[in-house]
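*Asks:* Everything in the sequence shown is counted per this note's numbering, starting at 1 for the first residue and increasing by one. Virtual Cβ for every residue (Gly too), placed ideally from N, Cα, C. Structure provided below as structure tokens; questions to follow.
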Amino acid sequence: MYDEPDNVRKLHIKPIPSLGGLGIFIGFIFCLLFGVNLSNAPEFQYYFASFLILFFIGLKDDILVLSATKKFIGQILVALILIFKSNLLITNIHGFLGLSEIDNTLSFLLTLFTIVVITNAFNLIDGIDGLAGSVGTVSSLIFGIFFIVNGNYSYAVVGFGMAASISAFLFYNFQPAKIFMGDTGSLLIGLVNSILVIKFIQAAPYYKFSAISASPAVGFCILLLPLMDTLRVFGIRILRGRSPFSPDRNHIHHLLLDKGLSHKNVTLTCTASAIFFAVSGFLLQRVGTTWLILGSSSVFFGVIYCLHKTRRRSPIQIVRREVVRSRETKEEKLVRVNSL
Numbered sequence: 001m002y003d004e005p006d007n008v009r010k011l012h013i014k015p016i017p018s019l020g021g022l023g024i025f026i027g028f029i030f031c032l033l034f035g036v037n038l039s040n041a042p043e044f045q046y047y048f049a050s051f052l053i054l055f056f057i058g059l060k061d062d063i064l065v066l067s068a069t070k071k072f073i074g075q076i077l078v079a080l081i082l083i084f085k086s087n088l089l090i091t092n093i094h095g096f097l098g099l100s101e102i103d104n105t106l107s108f109l110l111t112l113f114t115i116v117v118i119t120n121a122f123n124l125i126d127g128i129d130g131l132a133g134s135v136g137t138v139s140s141l142i143f144g145i146f147f148i149v150n151g152n153y154s155y156a157v158v159g160f161g162m163a164a165s166i167s168a169f170l171f172y173n174f175q176p177a178k179i180f181m182g183d184t185g186s187l188l189i190g191l192v193n194s195i196l197v198i199k200f201i202q203a204a205p206y207y208k209f210s211a212i213s214a215s216p217a218v219g220f221c222i223l224l225l226p227l228m229d230t231l232r233v234f235g236i237r238i239l240r241g242r243s244p245f246s247p248d249r250n251h252i253h254h255l256l257l258d259k260g261l262s263h264k265n266v267t268l269t270c271t272a273s274a275i276f277f278a279v280s281g282f283l284l285q286r287v288g289t290t291w292l293i294l295g296s297s298s299v300f301f302g303v304i305y306c307l308h309k310t311r312r313r314s315p316i317q318i319v320r321r322e323v324v325r326s327r328e329t330k331e332e333k334l335v336r337v338n339s340l
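What follows is the structure in structure tokens.
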């Protein structure tokens, strides 16, 4: 129930409660129960089942620790429920690489990949105070605004409900964090955003008010930061012969911390970047799906390259040691004063 410091990757130095995701889950479910007309949205019964399964997977991992393999199997199960029971599928990629309608096999594989990767993406960027929550709030809010503008109130409630639940949690999660969301929260945020982006890709080109022909690219831009950072880190780990779920210090927040930025500034920088990519996606949609995805990816990797080239190698450990020494010195002084 507490996240223990490990003196290697984790940046806190004292145990911190890790069940903040419980509050996010409860708040979000209440929003759906009171805001969605379930008789007009039968697929939501399977969404609830998926949320509940992933909630217990995350809760068990936060309390007892679950292996990456078991978590992955659970995520696959959830994805299969969404695909086969709620008919959540990407059937059209709207011009990406010259393709539009795709066959059933490719549709299934692409949807499965999208759900699993985005679910893990928010889990993996949850490395510093406020980051996953802030980025998740931005993406959920953008989807919510888009759906309500176009009259899709059920999915607007999903977006706004998720954003509101995270926002309440963030009050206690910004540095210095009093509580972490744990896997219970980060996996839920990722799953909800995967559902929202798939619905966005499928429906956005056909809305009368604000149709978006390059919906896969715009959806990609909305989630670019967690999505590309996860795919990049997965690729690095696999190329080095390691499990894609093995921990390291290659995430974008680690690179920014190694530049000397504070937790708060890293979170603000990443959140501002997420907003930048999302807004750019909407503004530049006319360049087409393929070019927008390639262009935004190039900008992301260009920034990563610059951060790598100017990276300082281990300042976090140095800072942590100094903080620990400083606190130990203060405690020793207090003991001396009390003994007088």
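(1) Strictly by DSSP, which residues pair up with residue 101?
(2) Can you look up residue 181 in the DSSP assignment and give me helix, strand or coil?
(3) According to DSSP, is residue 19 helix, strand or coil?
(4) Is it true that the stretch 170-186 meets the stretch 26-46, where meeting means three or more beta-carbon pairs spaced less than 8 Å apart?
(5) Out of curiosity, what's the CA-to-CA distance linking residue 306 and residue 261?
(6) Mapping the DSSP letters down to three states, classify residue 37 as helix, strand or coil.
(7) According to DSSP, simplified to helix, strand and coil, what is residue 315?
(8) Exposed or buried, residue 45, counting other C-beta atoms within 10 Å across all chains shown (16 or more means buried)?
(9) For the stretch 28-88, list the alpha helix (DSSP H) runs that are entirely contained and at least 4 residues long, ordered along the chain.
(10) With respect to the alpha helix (DSSP H) encompassing residue 257, which residues constitute its N-terminal and C-terminal limits?
(11) Looking at the structure shown, is residue 301 part of a helix, part of a strand, or coil, going by DSSP?
(12) Using three-state DSSP, classify residue 237 as helix, strand or coil.
(13) Comparing alpha-carbon positions, which option in 43, 179, 278, 227 lies nearest residue 221?
(14) Do residue 166 and residue 137 have their CB atoms nearer than 8 Å?
(15) Is residue 308 buried or exposed, if buried means 16 or more other CB atoms sit within 10 Å of its CB?
(16) Tell me the DSSP secondary structure of residue 230 in three-state form.
(17) For residue 310, count neighbouring Cβ atoms within 10 angstroms of its own Cβ and tell me buried if that reaches 16, exposed if not.
(18) With burial defined as no fewer than 16 other Cβ atoms inside 10 Å of the residue's Cβ, what is the status of residue 149: buried or exposed?
(19) Can you round the beta-carbon distance between residue 111 and residue 101 to whole angstroms, since I take them to be within the 8 Å contact cut?
(20) Can you give me the Cβ contacts of residue 266 inside the same chain, cut-off strictly under 8 Å, excluding the 5 residues immediately before and after it?
(21) Could you tell me the boundaries of the alpha helix (DSSP H) in which residue 424 lies?
(22) Taking one C-beta from the stretch 221-236 and one from the stretch 51-65 each time, how about it: are there three or more such pairs within less than 8 Å?
(23) Can the beta-carbon of residue 215 be found less than 8 Å from the beta-carbon of residue 201?
(24) Is it buried or exposed, residue 211, if we count other Cβ atoms within 10 angstroms and call 16 or more buried?
(25) Rounded to whole angstroms, how far is the Cβ of residue 344 from the Cβ of residue 197, which I believe are closer than 8 Å?
(26) Let's test the definition: count the other Cβ atoms within 10 Å of the Cβ of residue 103 and tell me whether it reaches 16, buried, or not, exposed.
(27) Quick one: using the 10 Å Cβ neighbour count with 16 as the cut-off for buried, is residue 273 buried or exposed?
(28) Smallest Cα separation from residue 25: which of 187, 121, 64?
(29) For residue 117, which option in 79, 88, 95, 259 has the closest C-alpha, if you only look at C-alpha atoms?
(30) With respect to the alpha helix (DSSP H) encompassing residue 246, which residues constitute its N-terminal and C-terminal limits?
(31) Give me the Cβ distance between residue 371 and residue 152, rounded to the nearest whole Å; I'm assuming they're in contact under 8 Å.
(32) Is the beta carbon of residue 89 closer than 8 Å to that of residue 53?
(33) Kindly list the residues whose CB is nearer than 6 Å to the CB of residue 236, restricted to its own chain and excluding five residues on each side of it in sequence; keep chain order.
(34) Could you say which of 107, 71, 98 lies nearest to residue 84 if we only look at CA atoms?
*Replies:* Walking through what the data contain:
(1) 92
(2) Residue state, collapsed to three classes: coil.
(3) coil
(4) no
(5) 15 Å
(6) In the structure shown, residue 37 adopts coil according to DSSP, grouped into three states.
(7) At residue 315, the pLDDT of 48 sits below 50, so the modelled position is not reliable; the number obtained from the coordinates is stated separately. It is helical.
(8) exposed
(9) 44-63, 68-84
(10) 252-257
(11) helix
(12) Helix.
(13) 278
(14) yes
(15) Within 10 angstroms of the beta-carbon of residue 308 lie fewer than 16 other beta-carbons, which makes it exposed.
(16) Three-state result, residue 230: helix.
(17) Of the residues assessed, residue 310 falls on the exposed side of the cut-off, its CB having fewer than 16 other CB atoms within 10 angstroms.
(18) exposed
(19) The pair is not a contact, with the Cβ atoms about 14 Å apart (cut-off 8 Å).
(20) 128, 131, 253, 256, 257
(21) Nothing about residue 424 can be read from this structure; the chain reaches only from 1 to 340.
(22) no
(23) yes
(24) exposed
(25) Any answer about residue 344 is impossible in this case: the structure gives the chain only from 1 up to 340.
(26) exposed
(27) buried
(28) Ranking the options by Cα distance to residue 25, first place goes to 187.
(29) If we check each option's Cα against that of residue 117, 79 comes out closest.
(30) Counting along the chain, residue 246 falls outside any alpha helix (DSSP H), and DSSP gives it neither H nor E.
(31) Residue 371 falls outside the range modelled here, since the chain spans only 1 to 340, and no answer is possible.
(32) no
(33) 250
(34) 107
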